[in-house]
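Beneath this line is the structure, given in structure tokens, with notes to follow.
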Amino acid sequence: MVEERLIGDDGLREDGRKPDQLRPIKIEAGVLHNADGSAYVEWGKNKVLAAVYGPREVHPKFLQDSTKAIVQVTYNMAAFSVDDRIRPGPNRRATEISKIIGEALEYVILTHHFPRSSVDVYIEVLEASAGTRCAGLTAASVAVADAGIPMTDLVVSCAAGKADGQIILDLGKSEDNLGEADVPLGYIPRTGEIVLLQMDGHLTKAEFEKAMNMAMNACKDIYEMQKDALRRRYAVGADEDKTPTQEVIE
Ligand code: UDP
Numbered sequence: 035m036v037e038e039r040l041i042g043d044d045g046l047r048e049d050g051r052k053p054d055q056l057r058p059i060k061i062e063a064g065v066l067h068n069a070d071g072s073a074y075v076e077w078g079k080n081k082v083l084a085a086v087y088g089p090r091e092v093h094p095k096f097l098q099d100s101t102k103a104i105v106q107v108t109y110n111m112a113a114f115s116v117d118d119r120i121r122p123g124p125n126r127r128a129t130e131i132s133k134i135i136g137e138a139l140e141y142v143i144l145t146h147h148f149p150r151s152s153v154d155v156y157i158e159v160l161e162a163s164a165g166t167r168c169a170g171l172t173a174a175s176v177a178v179a180d181a182g183i184p185m186t187d188l189v190v191s192c193a194a195g196k197a198d199g200q201i202i203l204d205l206g207k208s209e210d211n212l213g214e215a216d217v218p219l220g221y222i223p224r225t226g227e228i229v230l231l232q233m234d235g236h237l238t239k240a241e242f243e244k245a246m247n248m249a250m251n252a253c254k255d256i257y258e259m260q261k262d263a264l265r266r267r268y269a270v271g272a273d274e275d276k277t278p279t280q281e282v283i284e
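As numbered in the numbering used here, the sequence shown has no gaps in its residue numbers, which increase by one up to the final residue, 284.
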């Protein structure tokens, strides 16, 4: 059996990227009329939509906290988002991703301003190709800001990992499946705080540090894209009734 190579002799990856290169990323804020805040992210072949409602009444009521708002995240992969149809409805993976994204967002949202309420965040993965939790958190963070919910900062997310013995940024589908490690990171570039960190696979301490630095640096670039999406959304003269996509179409 011939082993599949993920990095060629020229040092480039299957999709032509350098080890420390991100997939192309596009972020748009305010794409849904019926949500208080929303964002759409295309990240390589991932397509992810985030919608935010609130702060609003808590359902179910017993979850209410008299001291702060709760942040409830529902991450969902559409049945058609991958080649093999996914069974609709919650599963362990979706529950885990919802929880970690919720914790990351809760860290930046000024929840104590809104006691007894809920900030509800829905992340819908329309197309998936590795890194959907990073795209989801990055989109959700912009959507929360778009909803006008006070935050200390935006959270950015990106992964780094290892494939063919090399540390690489932002793993694609085959790198995620066949590589040696994947480390998704949630990061606040301004303060240097880490609000999400997971690791699938094995890395030495030196490799881990290299991967973290790569992901943190990339997060700084993605942070600029998030801010740019919000600036475009709220640019003077932007028509409130139009989504940025509609403006482009017209
Ligand atoms: N995936 C899939 N079916 C599933 C779950 C995941 O095909 O039920 C694919 C999908 O492309 C996803 C990738 O596997 O992006 C990696 O999934 P992982 O659990 O590592 O999360 P992600 O990298 O998307 O945050």
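Idealized CB from N, CA, C, for every residue including glycine.
No experiment lies behind these values; they were computed from the predicted model shown.
Residue nearest to residue i in terms of C-alpha spacing, selected from the options
i, options, result
"residue 29", "60, 99, 54 and 39", "No information on residue 29 is available, as it lies outside the stretch 35 to 284 that the chain covers here."
"residue 96", "197, 86 and 151", "151"
"residue 116", "211, 128, 263 and 162", "162"
"residue 252", "194, 113 and 86", "194"
"residue 265", "58, 233 and 64", "64"
"residue 170", "222, 131, 98 and 101", "131"
"residue 231", "246, 240, 237 and 224", "246"
"residue 72", "179, 224, 242 and 92", "179"
"residue 198", "174, 68, 211 and 254", "211"
"residue 154", "146, 242, 261 and 93", "93"
"residue 67", "86, 82, 80 and 81", "86"
Proximity of residue i and residue j at Cβ, strictly below 9 Å
i, j, result
"residue 256", "residue 172", "yes"
"residue 52", "residue 77", "no"
"residue 196", "residue 226", "no"
"residue 138", "residue 110", "no"
"residue 213", "residue 56", "no"
"residue 141", "residue 189", "yes"
"residue 25", "residue 222", "Residue numbering for the chain in the displayed model covers 35 to 284; residue 25 lies beyond these limits and cannot be assessed."
Burial state of residue i (16 or more Cβ within 10 Å)
i, result
"residue 283", "Because the pLDDT at residue 283 is just 45, under 50, the model does not fix this residue reliably, and the value given afterwards should be weighed accordingly. Residue 283 should be labelled exposed."
"residue 184", "exposed"
"residue 295", "The question about residue 295 has no answer here: the residues shown for the chain are numbered 35 through 284."
"residue 84", "buried"
"residue 46", "exposed"
"residue 156", "buried"
"residue 209", "buried"
"residue 205", "buried"
"residue 144", "exposed"
"residue 123", "exposed"
"residue 58", "exposed"
"residue 70", "buried"
"residue 89", "buried"
"residue 148", "buried"
"residue 43", "exposed"
"residue 62", "buried"
Beta-ladder partner(s) of residue i, from DSSP
i, result
"residue 218", "193"
"residue 73", "63 and 84"
"residue 142", "The partner list for residue 142 (beta bridge, DSSP) is empty, contrary to what the question assumes."
"residue 200", "197"
"residue 41", "47"
#### Entry: the segment 215-230 / the segment 100-115 touching (three or more Cβ pairs under 8 Å)
Contact between the segment 215-230 and the segment 100-115 is absent, because fewer than three Cβ pairs lie under 8 Å.
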